[in-house]
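Note that the numbering used here has the sequence shown beginning at 35, numbered continuously upward. Below: one structure, written as C-alpha cells.
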Amino acid sequence: MDFYDELCQAIASDGAKRGVRTSPEEFQKFLSSVKPERSNQPPPANRTPIKPMPPETTLYAPEAETVQVNTTPQTPPPACALPDDWESLRSITLNCQNCPLAATRQNVVFGEGDLRARLMFIGEGPGADEDATGRPFVGAAGQLLDKMIGAMHLAREDVYIANIVKCRPPGNRMPSPEEAAACIGYLKKQIELVQPEVIVLLGGTALSFLLEINGITKYRGRWHNYNNIPVMPTFHPAFLLRKAEAKREAWHDLKLVMAKLGISV
Ligand code: URA
Numbered sequence: 035m036d037f038y039d040e041l042c043q044a045i046a047s048d049g050a051k052r053g054v055r056t057s058p059e060e061f062q063k064f065l066s067s068v069k070p071e072r073s074n075q076p077p078p079a080n081r082t083p084i085k086p087m088p089p090e091t092t093l094y095a096p097e098a099e100t101v102q103v104n105t106t107p108q109t110p111p112p113a114c115a116l117p118d119d120w121e122s123l124r125s126i127t128l129n130c131q132n133c134p135l136a137a138t139r140q141n142v143v144f145g146e147g148d149l150r151a152r153l154m155f156i157g158e159g160p161g162a163d164e165d166a167t168g169r170p171f172v173g174a175a176g177q178l179l180d181k182m183i184g185a186m187h188l189a190r191e192d193v194y195i196a197n198i199v200k201c202r203p204p205g206n207r208m209p210s211p212e213e214a215a216a217c218i219g220y221l222k223k224q225i226e227l228v229q230p231e232v233i234v235l236l237g238g239t240a241l242s243f244l245l246e247i248n249g250i251t252k253y254r255g256r257w258h259n260y261n262n263i264p265v266m267p268t269f270h271p272a273f274l275l276r277k278a279e280a281k282r283e284a285w286h287d288l289k290l291v292m293a294k295l296g297i298s299v
C-alpha cells in the first residue's frame, strides 16, 4: 500500500466513523481521481545522477549559483579560550594557521621579555629581521626602541615586547583588519598573563587594533585604558627614524610613563 492508498483508506474510515457510507464503486472512482498515474517506464538512461553535496558548498546561497566556503579555520580563538600558561600559549601561537600570513612567514614572532614586567611595549608586526630571527624589534626600529627603553632607565630584559600580529605581512605592509582580528587574541592573552602596570602602544596600527581608535598624532601623549591598564600611545620608532623631530614628543610621552611607574627622569 502506498501513500495514496493509505490516504483513501483513512478518508473512508473517517467517513464511516461519521456515518457517511461510500459504495465500493464510489470509493474506486474517488481513488482513481486522486491517485497519480504511475509510469512503468524505467527512468531515462541519460538522467543526471544526483551528486552528493561537497562539504564546502553552502546549502543556501541566494546570491550565487555556488558559494565556496573557505574551510581553513577563520574564527580565531578569543583570548578567553586560550591557555593560561605560557608554554601552551606559545606552542599554539607558533603553530597558528588562522590567517594567510602563516603561508609566507619564516618565523612566528611570539614576543619576549620579562613575563612579570611592569611595562609592556606593543608594536605593529614583525619586519624582515624579526621574521628571520623570530624575535620582536631587532632591526633598525628595534635598536631605536632599545635606546628609548634605556633612556627610561630600563633594560630590554625588564619589559615585555609584543606585536599586534605575530607574522610578517609581506613587504612590511600594514596588517589587514582580518589578519589583526585573527591574531589579537594571542596578544590579549599575553597582556592578561603579564598584567603590566602600563602599556605603551607604538604607532597608529597598535592604537587602532588594540583600542579601536584611529589617529596616533591625535591620541598620543594622553592616557587611555585597556582593561583597567593605563595605556600610553606614542610614535612608532620606525616613524621616529624617518622624522627625528618627532622624538621630542615621543620623549614627552615616555616621561609620562616613567612618572606613572615611579621612575625619576
Ligand atoms: N616593527 C614592529 O612594529 N614590530 C617589530 O617587531 C619590528 C618592527
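Beta carbons: idealized from backbone N, C-alpha and C, even for Gly.
CB of residue i to nearest heavy atom of the ligand URA: below 7 angstroms?
{"i": "A175", "result": "yes"}
{"i": "A272", "result": "yes"}
{"i": "L236", "result": "yes"}
{"i": "V193", "result": "no"}
{"i": "F171", "result": "yes"}
{"i": "V143", "result": "yes"}
{"i": "N197", "result": "yes"}
{"i": "E158", "result": "yes"}
{"i": "E164", "result": "yes"}
{"i": "G205", "result": "no"}
{"i": "G147", "result": "no"}
{"i": "G161", "result": "yes"}
Are residue i and residue j closer than 8 angstroms when you measure CB to CB?
{"i": "L221", "j": "I198", "result": "yes"}
{"i": "E158", "j": "R202", "result": "no"}
{"i": "M236", "j": "H270", "result": "The amino acid occupying residue 236 in the given sequence is Leu; Met does not appear at that position. In contact: L236 and H270 (Cβ atoms closer than 8 angstroms)."}
{"i": "A216", "j": "G145", "result": "no"}
{"i": "L295", "j": "E191", "result": "no"}
{"i": "G238", "j": "G255", "result": "no"}
{"i": "K223", "j": "A113", "result": "yes"}
{"i": "N129", "j": "P110", "result": "no"}
{"i": "T268", "j": "A284", "result": "yes"}
{"i": "L241", "j": "Y260", "result": "no"}
Quick test of your reading: residue i and residue j, contact by CB under 8 angstroms. State the CB separation rounded to the nearest angstrom.
{"i": "V291", "j": "L179", "result": "That belief does not hold up - the Cβ atoms of V291 and L179 are roughly 13 angstroms apart, past 8 angstroms."}
{"i": "V142", "j": "G168", "result": "7 angstroms"}
{"i": "F155", "j": "V265", "result": "Not a contact, Cβ separation roughly 11 angstroms."}
{"i": "P117", "j": "I126", "result": "7 angstroms"}
{"i": "L274", "j": "A280", "result": "6 angstroms"}
{"i": "F243", "j": "I218", "result": "6 angstroms"}
{"i": "A162", "j": "G176", "result": "Their Cβ separation, rounded to whole angstroms, is 12 angstroms, which puts A162 and G176 out of contact at 8 angstroms."}
For chain C, check one thing: does any of its Cβ atoms lie closer than 8 angstroms to the Cβ of residue i?
{"i": "N197", "result": "The chain inventory of the structure shown lacks chain C, comprising one protein chain alone."}
- prompt: Looking at C-beta atoms only, is the number of pairs between the segment 127-141 and the segment 159-175 that lie closer than 8 angstroms three or more?
  reply: yes
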